[in-house]
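Visitor: Please find one structure pasted underneath; my questions will follow.
2 protein chains.
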Amino acid sequence: MMQQDTILLSHGSGGSLMHRLIDEVFVTGFGAAGTPALDDAASLDVAGGRVAMSTDTYVVSPLFFPGGDIGRLAVCGTVNDVATSGARPLYLSVGFVLEEGLPIEDLKRVLVSMRDAAEEAGVRIVTGDTKVVERGHGDGMYINTTGLGVLAEGVDLSGSHCRPGDVVLLSGTLGDHGITVVSTREGLEFSTDLRSDAAPLNHMVAVTLDAAPDARCFRDPTRGGLASTLNELASASGVSITVDELAVPVHDQVRGACEMLGYDVFQVANEGKMVTVVPADQAEAALSAMRSAPYGEEAAIIGEVGESPAGKAYVRTSFGATRIMDMLVGEQLPRIC
Amino acid sequence: MMQQDTILLSHGSGGSLMHRLIDEVFVTGFGAAGTPALDDAASLDVAGGRVAMSTDTYVVSPLFFPGGDIGRLAVCGTVNDVATSGARPLYLSVGFVLEEGLPIEDLKRVLVSMRDAAEEAGVRIVTGDTKVVERGHGDGMYINTTGLGVLAEGVDLSGSHCRPGDVVLLSGTLGDHGITVVSTREGLEFSTDLRSDAAPLNHMVAVTLDAAPDARCFRDPTRGGLASTLNELASASGVSITVDELAVPVHDQVRGACEMLGYDVFQVANEGKMVTVVPADQAEAALSAMRSAPYGEEAAIIGEVGESPAGKAYVRTSFGATRIMDMLVGEQLPRIC
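Note that the protein sequences, when read in sequence, are chains F and X.
For what it's worth, this note's numbering labels the leading residue of the first sequence as 1, then goes sequentially.
For what it's worth, this note's numbering labels the leading residue of the second sequence as 338, then goes sequentially.
Below, the structure written as structure tokens:
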């Protein structure tokens, strides 16, 4: 039993209190998903010679929200970033910045949620670090996760590979994560059904890539939403991308919240959605694969790649007009991930 | 040119301001040491099948201090952690948490310092992430770095490999980093010569391992200082470790500052020192190798491994007495790395 109920500065000192925190809270919390890392670096077996590495720091506020918490987000977000490269995610590192005064119970809850997400994704947490900052210099907890995955021979996905004629797929509804977090934070009660979509999508990417081996790329439309993702792809590939507004799945309560708050749902962050661009003749196979995967039941074909104007993304509206899909310029939803 | 001189919340939004920050500040700042990472994950070639991975978040306060800054620390600290496993560090990821209002000039200065340290260590910064938190929810800048290195076949270093009769080496003076940071922070002026020792030690580890191929382990005595390191090794190996107080190099101004502030120099953090334990018949070779390496000029043999009492570290004082080398219990120097 920890004698302290909250995090103290001395939990970050490298001394005996830090050792007890590691032994009694972290090792227990991560369970089989973690490795008690007694040495400073984890040494890992990787089959083959090419690995994918991705990092993200999570500063979401509040730490807990319907459908998830910062821990689930930190595992899923990085697993998904590694998976977008076509790699099989295997290992995660975790770096915590804890604020003095954080209830140890909150930390334990987050660790359990990280363990569950890691087990679901099939990744192991192999090394970690904890720092403690004084009260007022953090916000409870920030978490960095860095993920490592192995790339199979021949897999070469890139945002620059989209070609005119390709088809754009989305694995499900837009906006659930961003709207859930902002409404929890602001105390808005749009609907009791609103839940973050935070989920590990590595299995979905794997089956989709099996079904559509010439897939150009995968992207998880997180910060900046679908608008940032598609504008980045259009720019990297030198193509235009046009999305059918009516084809994009959006939950009614999310659509309603966006209207009330003045948000563009295409710019709202998602944490459990995947975009993929595939050659037209593999689109149906990719769609079936996505729909058969966990979290992909509502997958849809939402648009296509065109030649010009290069570097831009467009929306074909329900009235048949076409407008630019604007990227976020200022700040819409801070601290969403 | 960035139109803003300070970090805004919208620099973390995933929108166009974040893209400009990446293009105009990060890509320029890292130069050849970095890779413009347009995809979410970096894909990396690793020769051989075993990699070492280590992570650390740096929250040092102040951000700049004599001999270094948070950027140099973030590169060197993680490079050194990877190197302790015997791996050759190759790649780093970088995750920033920036506080709203941080001067962009400070960020640029830190990036240059990361670039220089990465070039010196021979590692590349291959992927990154930036989050922005509101004024008052950070402390200018926190940086996570995660490092990846390759392990040569047959290399198997571990803190549990120390055996009675082994010899303990230290690569130079103790306490320089911790005392420099705390005296900068508190406005104490002990000496104008006081400088952090933050440095990449991967080359030193490599030449020492060449010279002493049966080396048991390497450790960088950072938070918790030499006392934590030796107690951890004694515990992991089930041996006792005894250090000769007179053999441990300490700069006079550090010794004086420790006396004034009531610190035990064995508990003060170092960021450019390496401890290694080697079989007695390879100790001289290891010492010569360390001394020939950058940052190892003052390397010394400081102690030896004994049988019992297992799990404890001791100091043989200048008076010939032996006392327990206590691990830090409470908080001595917060926010030192």
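Quick reminder that beta carbons are idealized off the backbone N, C-alpha and C, glycines included.
#1: Closer than 9 Å between beta carbons: that is the criterion. Which residues of the segment 462-477 of chain X meet it against chain F?
#2: Considering just the uninterrupted stretch of the alpha helix (DSSP H) at residue 252 of chain F, what are its terminal residues?
#3: In angstroms, rounded to a whole number, what distance separates the CA positions of residue 347 of chain X and residue 355 of chain X?
#4: Kindly indicate if chain X contains any beta-carbon less than 9 Å away from that of residue 274 of chain F.
#5: Which same chain residues end up closer than 7 Å to residue 365 of chain F when comparing Cβ atoms and leaving out the 5 residues on each side of it in sequence?
#6: So what's residue 336 of chain F in DSSP terms, helix, strand or just coil?
#7: Indicate whether the contact test is met: 3 or more Cβ pairs, each with one atom in the segment 85-104 of chain F and one in the segment 199-217 of chain F, closer than 8 Å.
#8: At what residue ranges does the segment 51-102 of chain F contain a whole run of the alpha helix (DSSP H), taking only runs of 4 or more?
#9: Going along the chain, which residues of the segment 592-603 of chain X sit with their C-beta nearer than 8 Å to a C-beta in chain F?
#10: For my contact list, residue 95 of chain F and residue 129 of chain F are in at a C-beta cut-off of 8 Å; report their separation, rounded to the angstrom.
#11: Using a C-beta cutoff of 9 Å, does residue 19 of chain F count as contacting chain X?
#12: Answer yes or no: do residue 674 of chain X and residue 560 of chain X have a C-beta to C-beta separation smaller than 9 Å?
#13: Per DSSP, residue 555 of chain X forms a beta bridge with which residues?
#14: For the 8 Å Cβ check, are there 3 or more pairs between the segment 478-487 of chain X and the segment 577-591 of chain X?
#15: Using CA coordinates, which residue listed in F:217, F:97, F:188 is at the minimum distance from residue 71 of chain F?
#16: Under 7 Å Cβ to Cβ from residue 635 of chain X, same chain only, skipping five residues before and after it: list those, please.
#17: Alpha helix (DSSP H) containing residue 115 of chain F: first to last residue?
#18: Within this structure, are the beta carbons of residue 571 of chain X and residue 648 of chain X separated by less than 9 Å?
#19: In chain order, what are the residue ranges of uninterrupted alpha helix (DSSP H) at least 4 long that sit wholly in the segment 634-666 of chain X?
#20: Going by beta carbon distance, what residues of the same chain come within less than 7 Å of residue 324 of chain F, once the five residues before and after it are set aside?
#21: Residues of chain F with CB closer than 9 Å to the CB of residue 672 of chain X, please, in chain order.
#22: List the endpoints of the continuous alpha helix (DSSP H) containing residue 181 of chain F.
#23: Would you say residue 535 of chain X lies against chain F (beta-carbon separation less than 9 Å)?
#24: What residues from chain C crowd round residue 381 of chain X, counting only those whose CB sits closer than 8 Å?
#25: Using the C-alpha atoms, what's the distance from residue 536 of chain X back to residue 655 of chain X?
#26: At the 9 Å Cβ level, is residue 290 of chain F part of the contact set with chain X, yes or no?
#27: In chain order, what are the residue ranges of uninterrupted beta strand (DSSP E) at least 3 long that sit wholly in the segment 467-507 of chain X?
#28: Is the Cβ of residue 481 of chain X closer than 9 Å to any Cβ of chain F?
#29: Note down, in chain order, every chain X residue with its Cβ under 7 Å from the Cβ of residue 332 of chain F.
Guide: Quick look at the numbers:
#1: Taking 9 Å as the Cβ-Cβ cut-off against chain F, the residues of the segment 462-477 of chain X that qualify are 463, 464, 465, 466, 467, 468, 469, 470, 471, 473, 474, 475, 476.
#2: Segment 252-261, the alpha helix (DSSP H) holding residue 252 of chain F.
#3: Between the C-alpha atoms of residue 347 of chain X and residue 355 of chain X there is a straight-line separation of about 7 Å.
#4: Taking Cβ atoms only, chain X never reaches closer than 9 Å to residue 274 of chain F, which makes this a no.
#5: Outside the shown range of chain F (1 to 337) lies residue 365 of chain F, about which nothing can therefore be said.
#6: DSSP places residue 336 of chain F in coil when its eight states are reduced to three.
#7: Yes, since at least three Cβ pairs between the segment 85-104 of chain F and the segment 199-217 of chain F fall closer than 8 Å, the two stretches touch.
#8: Correct list: 70-84.
#9: Here the close residues number zero.
#10: Confirmed, Cβ separation roughly 5 Å.
#11: Closer than 9 Å: yes.
#12: Between residue 674 of chain X and residue 560 of chain X, the C-beta spacing is below 9 Å.
#13: X:613.
#14: With the cut-off at 8 Å, the segment 478-487 of chain X and the segment 577-591 of chain X do not touch.
#15: Across the set F:217, F:97, F:188, the C-alpha of F:97 shows the shortest separation from the C-alpha of residue 71 of chain F.
#16: Closer than 7 Å at the Cβ level, and outside the excluded window around residue 635 of chain X, lie 509, 510, 586.
#17: Looking at the DSSP string, the run of the alpha helix (DSSP H) that includes residue 115 of chain F is 104-121.
#18: Cβ distance < 9 Å, so residue 571 of chain X and residue 648 of chain X count as in contact.
#19: Whole alpha helix (DSSP H) segments, 4+ residues: zero.
#20: Cβ neighbours of residue 324 of chain F beyond the five flanking positions: 312, 314.
#21: Residues of chain F whose Cβ lies closer than 9 Å to the Cβ of residue 672 of chain X are, in chain order, 9, 12, 131, 132, 133, 134, 137.
#22: Note, residue 181 of chain F: alpha helix (DSSP H), 176-186.
#23: Residue 535 of chain X does not count as touching chain F.
#24: Reference to chain C is not applicable here, since the protein chains of this structure are F and X.
#25: Spanning the alpha carbons of residue 655 of chain X and residue 536 of chain X requires a straight line of approximately 30 Å.
#26: No, its Cβ sits nowhere closer than 9 Å to a Cβ of chain X.
#27: List check, beta strand (DSSP E) in window: 478-487, 504-507.
#28: Answer yes: the Cβ-Cβ gap between residue 481 of chain X and chain F drops below 9 Å somewhere.
#29: Within 7 Å Cβ-Cβ: 350.
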